[in-house]
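S.K.: Residue numbers (the working numbering), protein chains in the order written: chain A, 33 to 512; chain B, 158 to 487; chain C, 156 to 450.
Here you go, one structure.
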Amino acid sequence: MPLTREAIVEGLRGIVGPDDVVTDERILVESSVDNFRKLQNIFDVHTMPVPAAVVMARSTERVAALLRWADEHGVNLIPRTGATATEGGLESVVADSVIIDGSAMNEIVKIDAYNMQATCQCGVPLQVLEDRVRELGLTTGHSPQSKPVAHMGGLVATRSIGQFSTLYGGIEDMVVGLEAVFPGGQVTRIKNVPRRAAGPDIRHIVIGNEGALCFITEVTVKLFPYFPENNTFLGWTLKDMATGFAVLRDVMVNGYKPSVARVYDPGDAGLHFSHFAAEDDCVLLFMAEGPAGIAKATADGIQAIVDKHPECTQVPSEYIETWFNDLCWDASKIIAEDERIRQTRNVNRTTEISADWGSINDIYQAAKARIIAEIPDITMMGGHSSHSYINGTNMYFNYFFNVVGVGPEEETSKYYLPIISIICEETLKRGGSIVHHHGMGKARAPWVKDEYGSSYYVLETLKHAFDPNGIMNKGTIIPL
Amino acid sequence: MRFAAVLDGTSTGSTDGTATVVHRQSAALGAFLRGGLDARAPGETLVFYDDEREKDRLIELAPTRDVRLVRTSARAFERMAAHLSTQAEGGQADLFLFAPGPAGTELATRLACRSGGGVLTDVVTAEAAPDRLSCRRYVCSGHLMGRFELSARPWCIGIDAGWTDAGEPEAIEHVVLSDTDDTVAGRPGPFEDPEVLEAPSTGDLAPSRFLVVAGSGAGSRAGVERIAAAAREMGATFGVTRPVAMNAWASMDRLIGVSGARTAPSLCIVAGASGAPAFYWGIEKAGVIVAVDLDEHAPIARDADLVLLDDAVAVVEELAAIVAAEREAR
Amino acid sequence: MSAMRILAYFGVTPDYEALRESEWSTAGRGPSSGGGEGDGRDEGAGPADLPDTRYVRRILDCFDESALELALRLLDALVGLGGTAGLGAVSVGAADAEPHLKTLLALGFERAARVHTEAVLDFAPAATAALIAAYTQRIDRSDLLMLGARSGPGGDGTVPFRVADHLGWPCITQATEVEPLADGRLRVTLMTDDGLQRLTARTPCVLAIGNAVVSHLRVPTLTDRLAVRGRQPDILEPADLGVDLSELLGRETQTLTALESVDRRRESILVPGDTPRAKAQALFDSRLKSLLEEL
Chain A
33 MPLTREAIVE
43 GLRGIVGPDD
53 VVTDERILVE
63 SSVDNFRKLQ
73 NIFDVHTMPV
83 PAAVVMARST
93 ERVAALLRWA
103 DEHGVNLIPR
113 TGATATEGGL
123 ESVVADSVII
133 DGSAMNEIVK
143 IDAYNMQATC
153 QCGVPLQVLE
163 DRVRELGLTT
173 GHSPQSKPVA
183 HMGGLVATRS
193 IGQFSTLYGG
203 IEDMVVGLEA
213 VFPGGQVTRI
223 KNVPRRAAGP
233 DIRHIVIGNE
243 GALCFITEVT
253 VKLFPYFPEN
263 NTFLGWTLKD
273 MATGFAVLRD
283 VMVNGYKPSV
293 ARVYDPGDAG
303 LHFSHFAAED
313 DCVLLFMAEG
323 PAGIAKATAD
333 GIQAIVDKHP
343 ECTQVPSEYI
353 ETWFNDLCWD
363 ASKIIAEDER
373 IRQTRNVNRT
383 TEISADWGSI
393 NDIYQAAKAR
403 IIAEIPDITM
413 MGGHSSHSYI
423 NGTNMYFNYF
433 FNVVGVGPEE
443 ETSKYYLPII
453 SIICEETLKR
463 GGSIVHHHGM
473 GKARAPWVKD
483 EYGSSYYVLE
493 TLKHAFDPNG
503 IMNKGTIIPL
Chain B
158 MRFAAVLDGT
168 STGSTDGTAT
178 VVHRQSAALG
188 AFLRGGLDAR
198 APGETLVFYD
208 DEREKDRLIE
218 LAPTRDVRLV
228 RTSARAFERM
238 AAHLSTQAEG
248 GQADLFLFAP
258 GPAGTELATR
268 LACRSGGGVL
278 TDVVTAEAAP
288 DRLSCRRYVC
298 SGHLMGRFEL
308 SARPWCIGID
318 AGWTDAGEPE
328 AIEHVVLSDT
338 DDTVAGRPGP
348 FEDPEVLEAP
358 STGDLAPSRF
368 LVVAGSGAGS
378 RAGVERIAAA
388 AREMGATFGV
398 TRPVAMNAWA
408 SMDRLIGVSG
418 ARTAPSLCIV
428 AGASGAPAFY
438 WGIEKAGVIV
448 AVDLDEHAPI
458 ARDADLVLLD
468 DAVAVVEELA
478 AIVAAEREAR
Chain C
156 MSAMRILAYF
166 GVTPDYEALR
176 ESEWSTAGRG
186 PSSGGGEGDG
196 RDEGAGPADL
206 PDTRYVRRIL
216 DCFDESALEL
226 ALRLLDALVG
236 LGGTAGLGAV
246 SVGAADAEPH
256 LKTLLALGFE
266 RAARVHTEAV
276 LDFAPAATAA
286 LIAAYTQRID
296 RSDLLMLGAR
306 SGPGGDGTVP
316 FRVADHLGWP
326 CITQATEVEP
336 LADGRLRVTL
346 MTDDGLQRLT
356 ARTPCVLAIG
366 NAVVSHLRVP
376 TLTDRLAVRG
386 RQPDILEPAD
396 LGVDLSELLG
406 RETQTLTALE
416 SVDRRRESIL
426 VPGDTPRAKA
436 QALFDSRLKS
446 LLEEL
């Protein structure tokens with residue numbers, strides 16, 4: 033017998049006290065979606081089941097007690113910290129879910145500049161941690177666009193990646209150790225060591241679990257020295273993406289690690305660079321960073337590589353530097369965008385995938401062509417590559433469409449999911465991954481078996497082992 | 158050098174509206190004449206009016222002893238400018254001063270165009286020399302202060318909205334030098350069927366002495382409304398920054414900044430706004446500025462007297478509760 | 156009901172908010188600002204003393220953007236009344252405006268043009284207005300000009316009135332909405348010193364748009380853009396409008412003589428406290444109580 037909403041609220045109050053159980057109707061309704069269905073909050077049209085409560089977790093012990101209780105009573109839990117998820121990971125898809133919110137666990141536990149590690153609770157905003165370590169001349173190296181608003185727990189739970197990943201890596205390269213709580217209430221601490229080979233690396237069960245296996249309560253990440261004075265910017269315009277990808281590959285294969293390496297197609301370039309790029313120009317840009325010698329060698333090396341491509345026209349680096357300094361989200365930009373959507377019904381969405389060098393351009397061209405041909409009301413269809421590796425790169429599709437003839441709640445079915453579907457198909461066909469860094473969420477969960485192939489066995493077994501009663505974020509990663 | 162301060166006393170359409178508007182224009186001009194114009198020069202006030210019954214009240218409001226009255230039609234700015242141009246040609250004044258607001262700006266500009274003189278708007282200070290007028294005004298959305306010179310007369314100056322004067326105007330014995338009828342029989346003004354939609358609601362912002370401003374850090378319309386309620390409880394006037402107004406979290410007439418109201422409260426609490434120059438210009442004359450924001454690097458943190466690094470809505474509500482408790486205790 | 160010819164002017168400016176603090180405080184180091192000999196009159200400050208905005212993206216003036224969208228809505232409303240209108244758009248300056256002109260063609264504007272000049276017009280509103288007026292009257296022959304209340308580089312608020320005066324037209328400013336009436340007149344909502352009002356205006360006239368609730372331009376689809384792919388905005392020179400720009404600039408009645416950075420810094424005392432309540436109490440006890448008593 034599932035618990036009633038009242039019984040759920042009672043049960044939660046019994047564990048954390050009434051002040052930490054939020055039942056305000058407005059908050060619950062807004063908490064039923066994340067940025068995947070953001071139009072629901074923007075237009076105040078709600079279709080998802082309303083959670084029974086948001087419960088504030090203030091300590092690991094409380095988290096353990098909550099998970100144990102939920103497991104016993106079959107209550108669906110949705111772990112949340114910064115609430116910046118974009119793929120439906122925070123959506124409630126079954127009745128009477130409970131959002132377990134760790135944003136109040138916001139203590140920076142320790143900054144260890146000698147061992148180059150920082151430990152913080154799951155609710156620490158990345159910007160706060162970054163500002164604190166900058167005071168010591170250090171950086172986390174992690175800079176997703178959501179940095180001002182995202183929290184450490186969610187950043188680890190989604191395998192997030194930042195703007196400087198080509199040098200510092202993604203979150204998986206930065207996490208040293210962590211603490212997570214599992215449905216039976218087991219508190220597990222994975223210690224901080226530089227490397228271990230004592231069996232499989234179990235951190236990777238937690239990193240990227242998207243709240244489907246456990247609740248992350250604490251993380252320790254690496255620290256790096258910060259040399260902003262050596263930041264060097266380089267930019268070029270060129271006419272085709274194939275060349276852009278080829279240049280990126282050359283840079284990576286030759287061992288250079290610029291912190292930023294991107295190529296924008298004309299549609300996406302038009303949003304950022306119309307003050308120096310023509311309508312049909314792609315834009316290729318790099319940032320080299322680090323100690324003076326390394327930054328210079330990186331910049332020189334990249335310059336030499338691109339110089340071999342006469343079809344690339346260099347632009348003054350000031351253009352790239354100025355653009356770069358204005359990149360992150362902030363509160364007023366976010367609300368201005370919400371109002372723009374309300375007035376124009378023009379929505380901007382993104383979908384990011386990864387593939388090897390041989391496939392990436394084909395995926396980009398094929399998906400783009402199909403979307404333009406098959407989806408109505410598209411106002412922009414483009415994208416950029418922003419995270420490269422020795423063996424391939426990502427493609428961050430960026431697209432806009434007008435929502436025409438349907439209510440905002442049907443945006444997902446008329447436009448967004450059909451576009452995601454095309455991108456996933458074209459990617460899977462060529463052996464790429466359908467999710468580069470936003471997380472599977474609930475949006476791309478329908479493709480989980482195609483994504484995993486035979487290795488789905490491993491994922492499925494993990495889920496059954498750690499969450500036998502299915503209380504952790506139903507619908508995320510593995511669809512209902 | 159002679160100056161003429163110009164008041165547009167034509168009917169605004171709402172009861173009492175005209176007098177309030179003219180009172181504000183006059184207070185602004187009076188304050189500028191006393192504090193912003195570096196020139197001891199003789200001058201007069203030129204008052205446009207359309208309703209005979211308002212004449213005496215308008216004369217009372219003139220900021221100079223000498224007053225000239227000109228009867229005209231409401232919003233007939235082209236005619237008013239033509240009249241002023243004739244005055245300029247006749248050597249009645251070298252410097253024409255106009256109050257802040259759309260009417261003053263339109264008249265100043267049209268007069269300059271017709272007479273070949275120079276016009277500057279939002280002028281903060283002016284210094285007259287025999288052959289030129291030097292003025293200061295903000296440029297680049299409030300990021301910089303520019304110094305300008307006007308050489309060609311007449312000098313047509315729209316004064317900055319910061320020149321307000323909350324005090325009572327000093328009593329002056331006015332002398333009416335002339336009362337001209339510049340209406341043209343049978344020729345109506347250029348616009349028809351005026352309809353007043355809403356009682357003036359920005360009027361409370363400029364003269365306010367205690368102001369609470371909500372910015373996008375309020376997080377939502379509900380957050381803005383909570384700050385507004387807390388402001389009301391404390392007896393403060395309520396304003397918002399542009400992102401809040403443009404997002405329809407509050408009505409446009411609460412807007413403060415370059416595209417809205419300019420205020421000079423004794424006490425101003427800025428809750429959840431980063432303090433960009435285009436907004437800050439609207440409160441920079443405040444006596445004491447208290448900033449409440451989560452971001453210690455926001456410009457407002459450096460440009461305020463007191464800084465509280467915390468959630469805007471929570472702090473303002475706590476303040477209102479404390480103020481209310483204090484009131485009850487007394 | 157005869158077709159109304161509506162012209163909308165818009166400008167693009169550098170995104171000043173994308174510049175860093177340090178760039179504003181080093182501005183104003185021009186030849187005449189402080190420390191130099193002479194009275195500075197012969198070496199006026201000018202565009203060279205402004206912070207370098209070459210590398211910063213351009214944005215549409217926000218009031219002009221309202222004017223463009225309101226022009227489209229006016230067209231929709233006219234069509235709804237069984238009438239019609241031809242929309243035109245014009246900008247003054249270098250090529251920055253072209254992407255927007257192409258967008259406007261895709262949105263159904265019949266006419267799109269820019270008056271080319273490399274001159275910096277930030278402190279030359281008379282010249283800007285002369286060009287707009289000349290285009291409106293001699294080339295476009297429009298009945299209605301819509302633009303933002305702070306139009307023109309520099310945004311001093313005088314350009315709409317200057318243009319109106321050149322054209323001999325009345326001007327309604329701080330307009331927030333406009334609706335067509337069946338007889339060809341316009342019903343305009345505007346913000347005045349005395350609150351929100353409505354007036355009926357006859358064309359020709361100038362409508363200067365203020366803080367309109369409508370603040371974003373609609374977005375054309377790729378199909379819309381494809382349909383106008385062959386069309387390019389017209390590019391005209393001032394001479395094509397019968398305007399001698401350098402002569403006009405020479406006759407500008409205002410001269411910028413110096414730029415000063417603005418120092419708004421105050422004491423910035425941090426009020427202590429662990430919670431919102433604690434901070435509020437600390438503020439009340441230390442300063443607020445006495446400030447409120449003085450009010």
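Glycine included, every Cβ here is placed at the ideal spot set by N, Cα and C.
Residues of chain C with a CB under 9 Å from the CB of N263/A: which are they?
M.R.: One-based indexing of the first sequence puts residue 263/A at position 231. Chain C residues near N263/A: none, gap ~14 Å exceeds 9 Å.
S.K.: Measure the C-alpha to C-alpha separation of A387/A and M184/A and round it to an integer number of angstroms.
M.R.: Stepping through the first sequence from its first residue, residue 387/A is reached at position 355. Stepping through the first sequence from its first residue, residue 184/A is reached at position 152. Roughly 27 Å between the two C-alpha positions.
S.K.: Beta carbon of P257/A, beta carbon of P323/A: below 9 Å?
M.R.: As a first step, residue 257/A must be located in the first sequence, where it is residue number 225. As a first step, residue 323/A must be located in the first sequence, where it is residue number 291. Against a cut-off of 9 Å, the Cβ pair of P323/A and P257/A comes out as a contact.
S.K.: Who are the neighbours of G312/C on chain B, taking C-beta pairs under 7 Å?
M.R.: Locating residue 312/C in the third sequence gives position 157, where the first residue counts as 1. In chain order: T262, T278.
S.K.: Beta-carbon separation of A375/B and R383/B under 9 Å?
M.R.: Within the second sequence, the letter at position 218 stands for residue 375/B. Within the second sequence, the letter at position 226 stands for residue 383/B. Yes, the Cβ-Cβ distance between A375/B and R383/B is below 9 Å.
S.K.: Let's see if you can read the secondary structure: which residues bound the beta strand (DSSP E) around M346/C?
M.R.: Within the third sequence, numbered from 1, the residue matching residue 346/C stands at position 191. Unbroken beta strand (DSSP E) run through M346/C: 341-347.
S.K.: Could you check what DSSP says for K142/A in three-state terms: helix, strand or coil?
M.R.: As a position in the first sequence, residue 142/A is number 110, starting the count at 1. Correct three-state label for K142/A: strand.
S.K.: Against E371/A, what residues of chain B qualify as contacts under a CB-to-CB distance less than 8 Å, listed in chain order?
M.R.: Looking up residue 371/A in the first sequence gives position 339. Here the neighbours are M403, N404, A405.
S.K.: What residue ranges within the stretch 45-78 of chain A form continuous alpha helix (DSSP H) runs of no fewer than 4 residues, ordered along the chain?
M.R.: Those alpha helix (DSSP H) runs which fall completely within the stretch 45-78 of chain A and span 4+ residues are 57-62, 70-74.
S.K.: Are any of the Cβ atoms in chain B nearer than 9 Å to that of A497/A?
M.R.: In the first sequence, the residue the question calls residue 497/A occupies position 465. For A497/A, the answer is no, since every Cβ of chain B falls outside 9 Å of its Cβ.
S.K.: Thinking C-alpha only, which one of G439/A, V65/A, H470/A, E311/A is nearest D272/A?
M.R.: Along the first sequence, read from residue 1 onward, the residue named residue 272/A stands at position 240. Checked all of G439/A, V65/A, H470/A, E311/A; the closest Cα to D272/A is E311/A.
S.K.: Which one of E390/B, G439/B, L215/B, A477/B has the shortest CA to CA distance from R411/B?
M.R.: On the second sequence, residue 411/B is found 254 positions in, with the first residue counted as 1. Residue G439/B is the option with its Cα nearest to R411/B.
S.K.: Helix, strand or coil, according to DSSP, for Q218/A in the structure here?
M.R.: Reading the first sequence from its first residue, position 186 is the one you call residue 218/A. The answer is coil: DSSP assigns Q218/A none of H, G, I, E or B.
S.K.: What are the complete alpha helix (DSSP H) segments, minimum 4 residues, inside the stretch 259-305 of chain C?
M.R.: Fully enclosed alpha helix (DSSP H) runs of 4 or longer: 280-289.
S.K.: Quick test of your reading: G307/C and A330/C, contact by CB under 8 Å. State the CB separation rounded to the nearest angstrom.
M.R.: Here residue 307/C refers to the residue found at position 152 of the third sequence. Here residue 330/C refers to the residue found at position 175 of the third sequence. Going by Cβ atoms, the distance from G307/C to A330/C rounds to 17 Å, so no, they are not a contact pair.
S.K.: At which residue ranges does the stretch 309-389 of chain A contain complete alpha helix (DSSP H) runs of 4 or more residues, listed in the order of the chain?
M.R.: Complete alpha helix (DSSP H) runs here, min 4: 324-339, 349-356, 363-376.
S.K.: Does R367/A have its Cβ less than 9 Å from a Cβ in chain B?
M.R.: In the first sequence, counting from the first residue as 1, residue 367/A sits at position 335. In the sequence under discussion, the amino acid at residue 367/A is Ile, which differs from the Arg named in the question. Closer than 9 Å: yes.
S.K.: Just to confirm, is the Cβ distance from K400/A to G120/A under 9 Å?
M.R.: Within the first sequence, the letter at position 368 stands for residue 400/A. Within the first sequence, the letter at position 88 stands for residue 120/A. Their beta carbons are not under 9 Å apart, which means K400/A does not touch G120/A by this criterion.
S.K.: Output yes or no for whether 9 Å exceeds the beta carbon distance between S272/B and S291/B.
M.R.: Locating residue 272/B in the second sequence gives position 115, counting from the first residue. Locating residue 291/B in the second sequence gives position 134, counting from the first residue. Going by C-beta atoms, S272/B is not nearer than 9 Å to S291/B.
S.K.: At a Cβ cut of 8 Å, what residues of the stretch 296-313 of chain B count as close to chain C, listed as they run along the chain?
M.R.: Cβ contacts with chain C come from V296, C297, S298, G299, H300, L301, M302, G303, R304, F305, E306, L307, S308, A309.
S.K.: Looking only at C-alpha atoms, which of E475/B, G429/B, P220/B sits nearest to V333/B?
M.R.: As a working note, residue 333/B is residue 176 in the second sequence. The shortest C-alpha separation from V333/B is found at P220/B.
S.K.: Quick check on the burial criterion: 16 or more other C-beta atoms within 10 angstroms. Buried or exposed for M33/A?
M.R.: As a first step, residue 33/A must be located in the first sequence, where it is residue number 1. The residue is exposed, with fewer than 16 neighbouring Cβ atoms inside 10 Å.
S.K.: Show which residues of chain C have a CB atom less than 8 Å away from the CB atom of Y437/B.
M.R.: Mapped onto the second sequence, residue 437/B falls at position 280. Going along chain C in sequence order, the residues near Y437/B (Cβ under 8 Å) are R419.
S.K.: Going by DSSP, name the residue or residues bridged to E483/B.
M.R.: Along the second sequence, one-based indexing puts residue 483/B at 326. None; E483/B has no bridge partner.
S.K.: Helix, strand or coil for T232/C per DSSP?
M.R.: Working through the third sequence from its first residue, we reach residue 232/C at position 77. Reading the sequence as shown, one finds Ala at residue 232/C and not Thr. Three-state result, A232/C: helix.
S.K.: Closer than 8 Å is the cut-off here; do at least three beta carbon pairs connect the stretch 109-120 of chain A with the stretch 467-481 of chain A?
M.R.: Because the criterion of three Cβ pairs below 8 Å is met, the stretch 109-120 of chain A and the stretch 467-481 of chain A touch.
S.K.: Among A398/A, H469/A, F432/A, A336/A, which has the Cα closest to the Cα of R462/A?
M.R.: For the purposes of this step, residue 462/A is taken as the residue at position 430 of the first sequence. When only C-alpha atoms are compared, the closest one is A398/A.
S.K.: Run down chain B in chain order and give the residues with a C-beta less than 9 Å from the C-beta of L425/C.
M.R.: Position 270 of the third sequence holds residue 425/C. Those are E453, A458, L463, V464, L465, L466, listed as they occur along chain B.
S.K.: Determine, using beta carbons only, whether S308/B and P434/B come nearer to each other than 9 Å.
M.R.: On the second sequence, position 151 is the one that residue 308/B refers to. On the second sequence, position 277 is the one that residue 434/B refers to. In this structure, P434/B does not lie closer than 9 Å to S308/B by Cβ.
S.K.: Measure the C-alpha to C-alpha separation of Y296/A and R293/C and round it to an integer number of angstroms.
M.R.: Here the question's residue 296/A lines up with position 264 in the first sequence. Here the question's residue 293/C lines up with position 138 in the third sequence. Using only the alpha carbons, I get a separation of about 42 Å.
S.K.: Flag this pair as touching only if the stretch 489-499 of chain A and the stretch 136-152 of chain A have three or more C-beta atom pairs under 8 Å; answer yes or no.
M.R.: Short answer: they don't touch.
S.K.: Counting along the chain, where does the beta strand (DSSP E) carrying E250/A start and finish?
M.R.: Here residue 250/A refers to the residue found at position 218 of the first sequence. Counting along the chain, the beta strand (DSSP E) containing E250/A begins and ends at 247-254.
S.K.: Taking only beta-carbon positions, decide if G190/C is within less than 9 Å of chain B.
M.R.: Walking along the third sequence from the start, residue 190/C turns up at place 35. Interpretation of G190/C is limited by its pLDDT of 37, a score under 50 that renders its predicted location unreliable; the figure taken from the coordinates is listed afterwards. For G190/C, the answer is no, since every Cβ of chain B falls outside 9 Å of its Cβ.
S.K.: For N67/A, which residues of its own chain have a beta-carbon under 6 Å away from its beta-carbon, when the five flanking residues on both sides are left out?
M.R.: Taking the first residue of the first sequence as position 1, residue 67/A is located at position 35. Result list for N67/A: T118, in chain order.
S.K.: Taking CB distances under 9 Å as the criterion, tell me whether R432/C reaches chain A.
M.R.: As a first step, residue 432/C is located in the third sequence; it is residue number 277 there, counting from the start. Answer no: the Cβ-Cβ gap between R432/C and chain A never drops below 9 Å.
S.K.: Considering only their Cβ atoms, is the gap separating V276/B from Q409/C smaller than 9 Å?
M.R.: Taking the first residue of the third sequence as 1, we reach residue 409/C at position 254. Taking the first residue of the second sequence as 1, we reach residue 276/B at position 119. Yes; because the gap between Cβ atoms is below 9 Å, this pair is in contact.
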